[in-house]
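Residue numbers (the working numbering): 29 to 432. No residue lacks a Cβ here, since even glycine has one placed at the ideal position from N, Cα and C. Below: the structure, in structure tokens.
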Amino acid sequence: MPTTQQFTNKTVLICGASVAGPALAYWLHRYGFTVTIVEQAPTLRGGGYKIDIRGVAIQVIDRMGLLPEIRQASTAMRGGAWVNRSGKVLVPLGPDLIGFRAPGDDEVLRGDLAQTLYRKTKGQVEYLFADSITGLVQGPDGAEVTFQHAAPRIFDLVIGADGLHSTVRRHVFGPEAQFVRDTGIHACVFTVPNHLDLDHWELSLLTPSRIVQLYSTHESAAKAQFIFRTPAALPDRRDIAGQQRLLADAFADAGWQTPELLHAMPESPDFYFDSVSQVHLDRWSDNRVALVGDAAYCPSPLSGQGTSLALVGAYVLAGELKSAAGDHRIAFAKYQDRMSEYVALNLTLGWTNANRMVASSASMIRMQTTMMRMMSYLPWKGLAMRSIMKPVIHATNAIALEDY
Ligand SMILES: Cc1cc2nc3c(=O)[nH]c(=O)nc-3n(C[C@H](O)[C@H](O)[C@H](O)COP(=O)(O)OP(=O)(O)OC[C@H]3O[C@@H](n4cnc5c(N)ncnc54)[C@H](O)[C@@H]3O)c2cc1C
Numbered sequence: 029m030p031t032t033q034q035f036t037n038k039t040v041l042i043c044g045a046s047v048a049g050p051a052l053a054y055w056l057h058r059y060g061f062t063v064t065i066v067e068q069a070p071t072l073r074g075g076g077y078k079i080d081i082r083g084v085a086i087q088v089i090d091r092m093g094l095l096p097e098i099r100q101a102s103t104a105m106r107g108g109a110w111v112n113r114s115g116k117v118l119v120p121l122g123p124d125l126i127g128f129r130a131p132g133d134d135e136v137l138r139g140d141l142a143q144t145l146y147r148k149t150k151g152q153v154e155y156l157f158a159d160s161i162t163g164l165v166q167g168p169d170g171a172e173v174t175f176q177h178a179a180p181r182i183f184d185l186v187i188g189a190d191g192l193h194s195t196v197r198r199h200v201f202g203p204e205a206q207f208v209r210d211t212g213i214h215a216c217v218f219t220v221p222n223h224l225d226l227d228h229w230e231l232s233l234l235t236p237s238r239i240v241q242l243y244s245t246h247e248s249a250a251k252a253q254f255i256f257r258t259p260a261a262l263p264d265r266r267d268i269a270g271q272q273r274l275l276a277d278a279f280a281d282a283g284w285q286t287p288e289l290l291h292a293m294p295e296s297p298d299f300y301f302d303s304v305s306q307v308h309l310d311r312w313s314d315n316r317v318a319l320v321g322d323a324a325y326c327p328s329p330l331s332g333q334g335t336s337l338a339l340v341g342a343y344v345l346a347g348e349l350k351s352a353a354g355d356h357r358i359a360f361a362k363y364q365d366r367m368s369e370y371v372a373l374n375l376t377l378g379w380t381n382a383n384r385m386v387a388s389s390a391s392m393i394r395m396q397t398t399m400m401r402m403m404s405y406l407p408w409k410g411l412a413m414r415s416i417m418k419p420v421i422h423a424t425n426a427i428a429l430e431d432y
């Protein structure tokens, strides 16, 4: 519902059309701003593993009117297992132990969420696909932006929603090495045929410093995820063939279904590879430019919280811009102030989770396996789960949403 409010700043360029960008565009349009989104990919990017929407982020989804769609798209996992190199089940897992989710939280495919947000906004905001920002100069009356393809334009505000390797952040705040903290872990996800006929089921193989996971909610397709530590030099981010070689070498002797999955890799339509890293910045804005989502405070893909932070950050940033009638000096300061504690708690949680998940020795994996086995059979499993979930529930709810 557009408002009739008069804004100091009216036109907003958002860089990045994944989760944070379209979510922010939705709220800004609803409040009466004029929004353009530039995305470097030629079309909306699918792909990715399943992602969690937890705590306050579920409230944001509800306020967007998207809760029925998210429930419909839910992965609704029935369970799964940890297996050994021969495929023997080591630990059977029920739906609770697969997700470790609090009541009300949900899990969807990243690509499904991105599609939902795109559908909700595509008639309302201008999308420029297959383009990117090449220059950004801020002046007293606006930010002049040059593009790879489109003609230069002046916008009142520019928001970087362009992820871990944000170009907007590089232009305005400096090289990413200052802000990105690597865990030394890498994650790779791609779609493969569902050759094991998995039905809302996930299998995981844990070996020292390496994890292979396979799950499916579709009859014909499954998602393979590889998580690993490697001392090897990483290929350039655009060198997909080099990334696939690195992965194939790293998992050559992993066993189980790995050869079949690696064999399917070159034909996969949505190969995704990135470092498991965090972004730490003291401030998320500079004059007319602000950052949201992974570009500002990526907690790492293994935190389970990147998408929730992006959804909540988009809601708060847009809401503060509306409250300040578009005055970015007031709005950006309040955005930072309201989000700081929530972000800090989730960055801490993300770092711990990522490092705990990828065990580096066989003895640590044996300990993890024993603990999970005990959890599966404990008569007081509910109590144990509540205690494990306590810090997660605290971090995922550590912000109260304003009614903007
Ligand atoms: C293809 C893909 C697969 C993913 N898979 C997983 C996963 O399996 N598990 C997980 O936890 N997280 C995954 N993520 C990350 C997850 O989406 C984010 O952590 C979270 O949802 C926050 O989203 P975001 O919008 O801030 O950033 P991102 O989701 O990273 O989106 C950034 C967007 O900006 C675009 N972009 C980047 N640079 C430019 C530029 N210079 N110009 C224009 N556009 C640009 C990118 O193409 C992308 O669409 C994936 C992201 C992508 C893009």
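When distances are taken from the beta-carbon of L121 to the heavy atoms of ligand 1, even the shortest one reaches 7 Å or more.
Counting only residues of its own chain and dropping the five nearest sequence neighbours on each side, G270 has a CB closer than 8 Å to the CB of P263 and D264. Going by DSSP, P287 is part of the alpha helix (DSSP H) stretching over T286 to A292. Counting only the Cα atoms, D169 lies some 43 Å from V420. Between the stretch 345-359 and the stretch 383-402, the count of C-beta pairs closer than 8 Å stays below three; the two stretches do not touch. Under the criterion of beta carbons closer than 8 Å, F254 and C216 qualify as touching, at roughly 5 Å.
Of all alpha-carbon atoms in H308, Y146 and L226, the one lying nearest the alpha-carbon of G107 is that of L226. Around the beta-carbon of S305, 16 or more other beta-carbon atoms lie within 10 Å, marking it buried.
Residue state for I427 is assigned as coil, using DSSP reduced to three classes. Taking 8 Å as the cut-off, the beta carbon of A426 is found no closer than this to the beta carbon of L339.
Under the three-pair Cβ rule at 8 Å, the stretch 126-141 does not count as touching the stretch 62-71.
Assigned with DSSP and collapsed to three states, Y59 falls in coil, not helix or strand.
Our two residues, L56 and K350, have alpha carbons roughly 8 Å apart in a direct line. Take G132, set aside five residues on each side of it, and the residues of its chain with a beta-carbon closer than 8 Å to its own are I86, in chain order. Annotation for W229: the continuous beta strand (DSSP E) segment containing it runs W229 to T235. By the criterion of at least three beta-carbon pairs nearer than 8 Å, the stretch 193-208 is not in contact with the stretch 46-56. V240 and D314 have their C-alpha atoms spaced approximately 41 Å apart. The C-beta separation of D298 from T219 comes to about 5 Å, placing the pair in contact by the 8 Å criterion. Checking the 7 Å criterion, the Cβ of I161 is within range of a heavy atom belonging to ligand 1. The C-beta distance from V119 to A109 rounds to 6 Å, short enough to fall under 8 Å.
Taking the Cα positions, R209 is about 22 Å away from Y77. If you check the CB distance, Q333 and R147 do not come in under 8 Å. Judged by their CB atoms, L224 and Q285 are nearer to each other than the 8 Å cut-off. Sequence-distant partners of F360 (beyond 5 residues in either direction) whose C-beta falls short of 6 Å from its own C-beta, in its chain, are S313 and A318.
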